[in-house]
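Participant: The opening residue of the sequence shown carries number 0 in numbering that gives the first Met the number 0; numbering runs sequentially from there. Quick one: structure below, then a few questions.
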Amino acid sequence: MKITAIIQARSGSTRLPEKIFKELFDKPILWHVHNRVQQSKLISQIVIATTNLSEDDKVEEFCVSNDFLFYRGSSDDVLSRYYEAAKKFNADIIIRITSDCPVIDPVV
Numbered sequence: 000m001k002i003t004a005i006i007q008a009r010s011g012s013t014r015l016p017e018k019i020f021k022e023l024f025d026k027p028i029l030w031h032v033h034n035r036v037q038q039s040k041l042i043s044q045i046v047i048a049t050t051n052l053s054e055d056d057k058v059e060e061f062c063v064s065n066d067f068l069f070y071r072g073s074s075d076d077v078l079s080r081y082y083e084a085a086k087k088f089n090a091d092i093i094i095r096i097t098s099d100c101p102v103i104d105p106v107v
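What follows is the structure, given as C-alpha cells:
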C-alpha cells in the first residue's frame, strides 16, 4: 500500500500572511514540516498540495527548488485538492498534514 502524506500549504493566511515561509532556525516552516514527516518509516511519499492561485506560485517554486512533490488545485475546494493530488500520485492511503506545525512527530 502506498501511504501518501499530503501537506496542505498555501500562502494566503489572513491571520499570519505567508506563515509557511516564516523562518525557524534558518529554514521555512514548510521545510521543517516536510523534513519531520519524511522521518516517518511508514510514509511512501509526501506531496505538498497548494492552490492554483497566483499567490501560491511561491509554494510551487519552493517545492521545485527543494525537489518536493506538489500538486496545485482548487482554492475553494480543499477536499477536491486532496482527492486530485491522491489520484495524481496513486495514493492508496492519504494522511492529512497541516503545513504550520513544524514540530509534528514523525512517529504520530
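Beta carbons: idealized from backbone N, C-alpha and C, even for Gly.
I think ALA8 touches ALA48, with their Cβ atoms under 8 Å apart; what is that distance to the nearest whole Å?
Facilitator: Indeed, because the Cβ distance is near 7 Å, the residues count as touching under 8 Å.
Participant: Please report the distance separating the alpha-carbon of GLU59 from that of GLU17.
Facilitator: Distance between the alpha carbons of GLU59 and GLU17 is about 13 Å.
Participant: Please say whether ILE19 and ILE5 have beta carbons closer to each other than 8 Å?
Facilitator: In this structure, ILE19 does not lie closer than 8 Å to ILE5 by Cβ.
Participant: DSSP three-state label for PHE24, please.
Facilitator: It is coil, neither helix nor strand.
Participant: With respect to the alpha helix (DSSP H) encompassing PHE69, which residues constitute its N-terminal and C-terminal limits?
Facilitator: Taken as a continuous stretch (DSSP letters only), PHE69 belongs to no alpha helix (DSSP H), being part of the beta strand (DSSP E) at 68-72.
Participant: Taking the continuous alpha helix (DSSP H) assigned at VAL77, which residues delimit it?
Facilitator: Counting along the chain, the alpha helix (DSSP H) containing VAL77 begins and ends at 77-87.
Participant: Closest to LEU52 by C-alpha separation, out of ILE93, SER12, VAL106, SER64, would be which residue?
Facilitator: Among ILE93, SER12, VAL106, SER64, the Cα nearest to that of LEU52 is on SER12.
Participant: So, helix, strand or coil for ILE19, using DSSP?
Facilitator: Residue state, collapsed to three classes: helix.
Participant: Would you identify the three-state DSSP class for GLN37, choosing helix, strand or coil?
Facilitator: Helix.
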